[in-house]
Ligand SMILES: Nc1ncnc2c1ncn2[C@@H]1O[C@H](COP(=O)(O)OP(=O)(O)OP(=O)(O)O)[C@@H](O)[C@H]1O
Ligand SMILES: [Mg+2]
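Residue numbers (full-length UniProt numbering), protein chains in the order written: chain R, 1 to 286; chain C, 1 to 225.
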């Protein structure tokens, strides 16, 4: 049995969640909302987080009905995201871990944020959600870099491509909707393909989707189609897991903890450029 | 496909067995994946059929055992190739064999991969599902290692590249695939490296350094900023 607490503050949302073997005991959030397209500034966002985090931690603990000694591992978002808010939250997580004498784990966060910033997509309620809504209205498919290696994917090619070309693509007649659509189709195809590889290699027939992007209907639909084509079953977790929040970080951290990962103190840093494709899914059972 | 019988649905393709010009033949059909966009699907299918064909031909040219290609049919999305009758997939072999046999086999795997890399072929998807052991005497017996020969398959993600980095990554992908599937991986992988080194001692050092680099990066990625 693992009880994990997760601190997430890579963007404008600050979240602290506690999970006990996949069961959510608490999931508290504060959102710093900025006008659409404007993007939150690092300093103000960090300030918002600093002002709220201790209160939120108390709230989260109270709601879970646990005491600090019941917790096994402290998890926080390492990145990617904005430096100042990330660092702010990491400092608190690190301090709490030392105060309570618990192990600390850094967890990675998803790519939606970066892309949303390139296209100036609103952060409310979350970039991922807004990309999904825009993608529904896109239909012109643009071929983007596609990279799978064995059971791993790499998104760095796509992100660089988008960061370099978005403006000229918009001028060339692609709409933001089309770009979101193409991004989604490509990224999800990579995820579904590697999942299918893992299934075939392990002779397994069950897929579980979790994490920030897991509540994306298009991803669930694609996974569903893939599963149907090979007689496998798909499980999608309920949407509380699927928003950027502390629970997600706690959940992932708990899995890493179970897989025996440890993080020495000196490495408990953050990184703005921590990319999804750099993560070794050591807790993935394949 | 007349006379062809579906034997397996892999990750990428449906595999059928039948006869082509009187020879036992495997038809690998990269059927349309409905989950992905039609354009992307067509593009990937063509790329991979080309890659598979190219790499297999190149392997042959460099004396590596791979299935002979009989026909590549882009319209039907099928590659027809030599079917090995008396084969066992490495993954299954590992599960039924004692560790002494496996370490001996691992040296052989390493030599074969050394040779493949020497020919500048990067496989791209090295796993225990993508290697076959074929009985040399045309019988279904897999107890004696000396009667088996190693055949590499599934070259859809392969490409030609001479850099040590890509070779190192290829080895790293294999290590991860083995260690996530087999409890004997930590006994086998060092022997694979040993076999690799004995086959190409001069190239080994650089490839091994790259492998270690990639591996360290992989570790660090999870933990360190
Ligand atoms: N030439 C061959 N002779 C005999 N059996 C073969 C041959 N090629 C492939 N097979 C069998 O078919 C399986 C799948 O083949 P292949 O790896 O090429 O396709 P795939 O779609 O990538 O499947 P997978 O996801 O299982 O790797 C192999 O594991 C093996 O059992
Ligand atoms: Mg295969």
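Where is the CB? At the ideal position from N, CA and C, for every residue including glycine.
This structure is a prediction, so every number in the text was calculated from the model and none was measured.
{"Check": "Nearest-angstrom Cα distance between residue 122 (chain R) and residue 133 (chain R)?", "Outcome": "11 Å"}
{"Check": "May I ask whether a heavy atom of ligand 2 can be found less than 7 Å away from the beta carbon of residue 10 (chain C)?", "Outcome": "yes"}
{"Check": "Taking the C-alpha atoms as reference points, what is the distance between residue 61 (chain R) and residue 68 (chain R)?", "Outcome": "8 Å"}
{"Check": "Counting pairs of beta carbons, one from the stretch 55-63 of chain C and one from the stretch 129-147 of chain C, are three or more of them closer than 8 Å?", "Outcome": "no"}
{"Check": "Does any residue of chain R have a CB that is nearer than 8 Å to the CB of residue 225 (chain C)?", "Outcome": "Since pLDDT at residue 225 (chain C) reaches only 23, below the 50 mark, its modelled position is unreliable, and the value read off the structure follows with that caveat. Closer than 8 Å to some Cβ of chain R, the Cβ of residue 225 (chain C) qualifies, so yes."}
{"Check": "Spatial neighbours of residue 97 (chain R) within its chain, please: CB distance less than 6 Å, with the 5 preceding and 5 following residues excluded, ordered by chain position.", "Outcome": "74, 104"}
{"Check": "Just list the beta strand (DSSP E) runs in the stretch 46-120 of chain C, keeping only unbroken ones of 3 residues or longer that don't cross its boundaries, in chain order.", "Outcome": "69-73, 78-82, 87-89"}
{"Check": "In or out: residue 197 (chain C) buried (at least 16 other Cβ within 10 Å) or exposed?", "Outcome": "buried"}
{"Check": "Could you tell me whether the Cβ atoms of residue 185 (chain R) and residue 37 (chain C) are closer together than 8 Å?", "Outcome": "yes"}
{"Check": "Quick check on residue 212 (chain C): does DSSP put it in helix, strand or coil?", "Outcome": "helix"}
{"Check": "Check distances from the C-beta atoms of the stretch 158-174 of chain C to those of chain R and list, in chain order, the residues that come in under 8 Å.", "Outcome": "169, 173"}
{"Check": "With DSSP run on the structure shown, which of helix, strand or coil describes residue 33 (chain R)?", "Outcome": "coil"}
{"Check": "At what residues does the alpha helix (DSSP H) containing residue 130 (chain R) begin and finish?", "Outcome": "127-137"}
{"Check": "Count the other C-beta atoms from every protein chain shown that fall within 10 angstroms of the C-beta of residue 217 (chain C), then say buried if there are 16 or more, exposed otherwise.", "Outcome": "exposed"}
{"Check": "Identify which residue in R:42, R:94, R:120, R:18 has its Cα closest to the Cα of residue 83 (chain R).", "Outcome": "R:42"}
{"Check": "Report the option in C:172, C:74, C:192 whose CA atom is closest to the CA atom of residue 53 (chain C).", "Outcome": "C:74"}
{"Check": "May I ask you to check if the CB of residue 170 (chain C) is nearer than 7 Å to at least one heavy atom of ligand 2?", "Outcome": "no"}
{"Check": "Give the DSSP bridge partners of residue 99 (chain R), in chain order.", "Outcome": "Answer is none; residue 99 (chain R) lacks a bridge partner."}
{"Check": "Under a three-way DSSP split, which group does residue 145 (chain R) fall into?", "Outcome": "coil"}
{"Check": "Going by beta carbon distance, what residues of the same chain come within less than 6 Å of residue 136 (chain C), once the five residues before and after it are set aside?", "Outcome": "147, 149"}
{"Check": "Check for me: the alpha helix (DSSP H) holding residue 181 (chain R) runs from which residue to which?", "Outcome": "176-202"}
{"Check": "How many whole angstroms separate the CB atoms of residue 152 (chain C) and residue 66 (chain C), which I take to be in contact at a CB cut-off of 8 Å?", "Outcome": "6 Å"}
{"Check": "Is any non-hydrogen atom of ligand 3 found closer than 7 Å to the C-beta of residue 82 (chain C), if you look at the structure I gave you?", "Outcome": "For ligand 3, the structure offers nothing, since it holds only ligand 1 and ligand 2."}
{"Check": "Quick check on the DSSP output: the alpha helix (DSSP H) that includes residue 68 (chain R) runs from which residue to which?", "Outcome": "Residue 68 (chain R) -> no alpha helix (DSSP H), and no H or E assigned at all."}
{"Check": "How far does the alpha helix (DSSP H) with residue 159 (chain R) in it extend, from its first residue to its last?", "Outcome": "156-171"}
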